[in-house]
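S.K.:
Numbering (UniProt numbering), first residue to last: 1 to 409.
This is the structure we're talking about:
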């Protein structure tokens, strides 16, 4: 009996989705297709996801106890989120307190706090960059004497690239420390070796204590401090050649952070024949990664996320023969300058070439846009598929050449 049949046979199981932004909508749709009653949890606001839920609870998903009370009241059978970290800690609390499937309290804390995560790696011998915690400029200066440049300083409790700066000398490290401390609520920040090698992503999933799949992702990076991914592509040829090492690393991370029955999103580095984890979290990745996985395996990845949260084994979903897997490229779209958009010139949907899976924008005429500094400045996304990465790149260039923004003067 497959997972979908199991869900449909039970009388209206209940799934709680944390967040109601556009990124949660495919998750809600998948849960409803599987016969689940969907409760969306979010603060009040103009969030599109409310329209796709069976009912709504207005609560702050960054407040675990508030979400727990809602989950108890609704008597939910599962809880999940994707593509953002805001609800991960609450997800862990609900799972553990209500004895549901999915990552528990420690896993959620590790996914939300880089210090908890890094300490777990150290205790379990997981390959990661050398690091220490610094509470003052004096501690920083002493710690720097035992490290080689470049280094990177990180706010432990911030998401994405917030509160993170690379430093190539002591003067830059001093400024980076001040930047990280200004961003954090902790009384320390993380000083870490800046690994220089090939940065790549990994999307994976643990299902009932076993690795359901591992997919290495090629990164398209934008220069910054630090550089950050604006897109991904699969297959990543180099990743296939070191697949064994990557799978060993993912298992080690899952064990150290107590990840189970959830998607895993990892940032990794390949250097001198070894693979290292930079960061990992217990939810599906953003930057179109959920679409990347689904297209590659020919599945609805959101359904896999929902099933995993219900404790259903999803391993069979990822058994697509290699020859039937579909290369694809995804990237975020950004404005080339700051301003008010007066016109968005793009091909009409019927004029898009075959192979364009998605070309969409989260801005409209009259929107104020920023020149790109990080992923939060995105204005849209493009996803293409083809017979090879080379074919995808050609199609990507063709479509990008037809996208033009005009601005009010």
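We put the CB at the ideal spot given by N, CA and C, even for glycine. Just so it is clear, the structure is predicted and the values come from calculations on it, not from any experiment.
(1) So, using beta-carbon positions, are residue 263 and residue 304 closer together than 9 Å?
(2) So, helix, strand or coil for residue 244, using DSSP?
(3) Just to confirm my understanding: we take residue 126, look at its own chain, exclude 5 residues before and 5 after, and list those with CB closer than 7 Å. What are they?
(4) Contact check, residue 341 vs residue 405 under 8 Å by CB: the rounded distance?
(5) Please name the residue, chosen from 164, 191, 158, 165, that lies closest to residue 185 on a Cα-to-Cα basis.
(6) Pick out whichever of 380, 375, 358 has its Cα sitting closest to the Cα of residue 367.
(7) Identify whether residue 99 lies in helix, strand or coil by the three-state DSSP scheme.
(8) Any idea what DSSP makes of residue 29, helix, strand or coil?
(9) Indicate the three-state DSSP secondary structure (helix, strand or coil) for residue 56 in the structure shown.
(10) Hey, how far is the Cα of residue 315 from the Cα of residue 205?
(11) For residue 227, I'd like the list of residues in its chain whose CB is within less than 7 Å of its CB, leaving aside the five on either flank, ordered along the chain.
(12) What does DSSP give as the partner residue(s) for residue 165 in the beta ladder?
(13) Classify residue 295 as buried or exposed, calling it buried when 16 or more other Cβ atoms lie within 10 Å of its own Cβ.
(14) What do you reckon, are the CB atoms on residue 15 and residue 369 nearer than 9 Å?
(15) Does the distance from the CB of residue 350 to the CB of residue 326 come in under 9 Å?
(16) According to DSSP, is residue 347 part of a helix, a strand, or is it coil?
(17) Kindly provide the ranges of any beta strand (DSSP E) runs that are 3 or more residues long and lie completely inside the stretch 156-210, ordered along the chain.
(18) Using the Cβ count rule (16 or more neighbours within 10 Å means buried), how would you classify residue 1?
(19) Within its chain, find whatever has a CB closer than 7 Å to the CB of residue 137; leave out the 5 residues flanking it on each side and keep chain order.
(20) Look at the alpha carbon of residue 22 and the alpha carbon of residue 46, and state the distance between them as a whole number of angstroms.
(21) Going straight from the alpha carbon of residue 395 to that of residue 79, what length do you get?
(22) Going by C-alpha distance, which of 84, 42, 149 is nearest residue 281?
(23) In terms of alpha-carbon separation, which member of 73, 42, 32, 130 lies closest to residue 63?
(24) If you run the structure through DSSP and keep just helix, strand and coil, what is residue 83?
(25) Per DSSP, residue 381 forms a beta bridge with which residues?
(26) Could you tell me whether the Cβ atoms of residue 450 and residue 258 are closer together than 9 Å?
(27) DSSP on residue 278, reduced to helix/strand/coil?
(28) State the CB to CB distance for the pair residue 477 and residue 339, rounded to an integer number of angstroms; the pair is presumed to be in contact (CB under 8 Å).
(29) Grab the span of the beta strand (DSSP E) containing residue 38 for me, first residue to last.
(30) Give the straight-line distance between the Cα atoms of residue 9 and residue 59, rounded to the nearest whole angstrom.
(31) Grouping DSSP H, G and I as helix and E and B as strand, with all else coil, what is residue 394?
(32) Could you name the residues that DSSP lists as bridge partners for residue 423?
(33) Quick check: what's the CA-CA separation for residue 300 versus residue 310?
(34) Using the beta-carbon count (16 or more within 10 Å), is residue 182 buried or exposed?
(35) Threshold first: 3 residues or longer. Then list the beta strand (DSSP E) segments lying entirely within the stretch 250-315, N to C.
(36) Between residue 117 and the rest of its own chain, which residues show a CB-CB distance below 8 Å, the 5 nearest in sequence each way excluded?
M.R.: So, to answer that:
(1) Against the chain shown, residue 263 aligns to sequence position 263. Against the chain shown, residue 304 aligns to sequence position 304. A Cβ-Cβ contact shorter than 9 Å links residue 263 with residue 304.
(2) For the purposes of this step, residue 244 is taken as residue 244 along the chain shown, with counting starting at 1. Taken through DSSP and simplified to helix, strand or coil, residue 244 comes out as helix.
(3) Taking the chain shown and counting its residues from 1, the one referred to as residue 126 is at position 126. Taken in chain order, the residues that qualify are 252, 253, 256, 277.
(4) Reading the chain shown from its first residue, position 341 is the one you call residue 341. Reading the chain shown from its first residue, position 405 is the one you call residue 405. Your pair residue 341 and residue 405 checks out as a contact, with CB atoms roughly 6 Å apart and the cut at 8 Å.
(5) Translated into positions along the chain shown, residue 185 becomes position 185. Checking every option, the nearest Cα to that of residue 185 belongs to 158.
(6) Residue numbering aside, residue 367 sits at position 367 when the chain shown is read from its first letter. Measuring from the Cα of residue 367, the nearest candidate turns out to be 380.
(7) In the chain shown, counting from the first residue as 1, residue 99 sits at position 99. The answer is coil: DSSP assigns residue 99 none of H, G, I, E or B.
(8) Residue 29 sits at position 29 when you count from the first residue of the chain shown. If DSSP states are grouped into helix, strand and coil, residue 29 belongs with the helices.
(9) Taking the first residue of the chain shown as position 1, residue 56 is located at position 56. Shown here, residue 56 sits in a strand according to DSSP, grouped into three states.
(10) Taking the chain shown and counting its residues from 1, the one referred to as residue 315 is at position 315. Taking the chain shown and counting its residues from 1, the one referred to as residue 205 is at position 205. The C-alpha of residue 315 lies about 9 Å from the C-alpha of residue 205.
(11) For the purposes of this step, residue 227 is taken as the residue at position 227 of the chain shown. Excluding residues within five positions, the ones whose Cβ falls inside 7 Å are 221.
(12) Here residue 165 is taken as the residue at index 165 of the chain shown, counted from 1. Per DSSP, 153.
(13) Taking the chain shown and counting its residues from 1, the one referred to as residue 295 is at position 295. Burial call: buried.
(14) The count along the chain shown starts at 1 and reaches residue 15 at position 15. The count along the chain shown starts at 1 and reaches residue 369 at position 369. No, the Cβ-Cβ distance between residue 15 and residue 369 is not below 9 Å.
(15) Reading the chain shown from its first residue, position 350 is the one you call residue 350. Reading the chain shown from its first residue, position 326 is the one you call residue 326. No.
(16) Here residue 347 refers to the residue found at position 347 of the chain shown. Coil.
(17) Counting only runs of 3 or more, we get 164-167, 189-193, 198-207.
(18) Locating residue 1 in the chain shown gives position 1, counting from the first residue. With a pLDDT of only 42 at residue 1, under the threshold of 50, the placement of this residue in the model should not be trusted; the figure read from the coordinates follows. So residue 1 ends up on the exposed side.
(19) Counting from 1 along the chain shown, the entry for residue 137 is found at position 137. Taken in chain order, the residues that qualify are 174, 177.
(20) Along the chain shown, read from residue 1 onward, the residue named residue 22 stands at position 22. Along the chain shown, read from residue 1 onward, the residue named residue 46 stands at position 46. Per the coordinates, the alpha-carbon of residue 22 lies some 11 Å from the alpha-carbon of residue 46.
(21) Numbered from its first residue, the chain shown carries residue 395 at position 395. Numbered from its first residue, the chain shown carries residue 79 at position 79. In this model, residue 395 and residue 79 are separated by some 38 Å (Cα to Cα).
(22) Mapped onto the chain shown, residue 281 falls at position 281. Of the candidates 84, 42, 149, 84 places its Cα closest to the Cα of residue 281.
(23) Translated into the one-based positions of the chain shown, residue 63 becomes position 63. Measuring from the Cα of residue 63, the nearest candidate turns out to be 42.
(24) Taking the first residue of the chain shown as position 1, residue 83 is located at position 83. DSSP, reduced to helix, strand and coil, places residue 83 outside both helices and strands of the structure shown, so it counts as coil.
(25) Along the chain shown, one-based indexing puts residue 381 at 381. DSSP output for residue 381 lists 332, 360 as bridge partner(s).
(26) What is shown of the chain runs 1 to 409, which leaves residue 450 out entirely.
(27) The residue labelled residue 278 in the question sits at position 278 within the chain shown. If DSSP states are grouped into helix, strand and coil, residue 278 belongs with the strands.
(28) Only positions 1 to 409 of the chain appear in this structure, which leaves residue 477 out of reach.
(29) To locate residue 38, count along the chain shown from 1; it is residue 38. Its beta strand (DSSP E) spans residues 37-42.
(30) Mapped onto the chain shown, residue 9 falls at position 9. Mapped onto the chain shown, residue 59 falls at position 59. For residue 9, the pLDDT reaches just 47, beneath the cut-off of 50, and the residue's location in the model is therefore unreliable, leaving the point undetermined.
(31) Looking up residue 394 in the chain shown gives position 394. Helix.
(32) No information on residue 423 is available, as it lies outside the stretch 1 to 409 that the chain covers here.
(33) Reading the chain shown from its first residue, position 300 is the one you call residue 300. Reading the chain shown from its first residue, position 310 is the one you call residue 310. Cα to Cα, the separation comes out at about 16 Å.
(34) The residue given as residue 182 occupies position 182 in the chain shown. Counting the other Cβ atoms within 10 Å of the Cβ of residue 182 gives fewer than 16, which makes it exposed.
(35) DSSP runs (the beta strand (DSSP E)) wholly in the stretch 250-315: 262-271, 274-281.
(36) The residue labelled residue 117 in the question sits at position 117 within the chain shown. Apart from sequence neighbours up to five positions away, the residues of its chain that approach residue 117 with a beta-carbon distance below 8 Å are 110, 111, 257, 279, 280, ordered along the chain.
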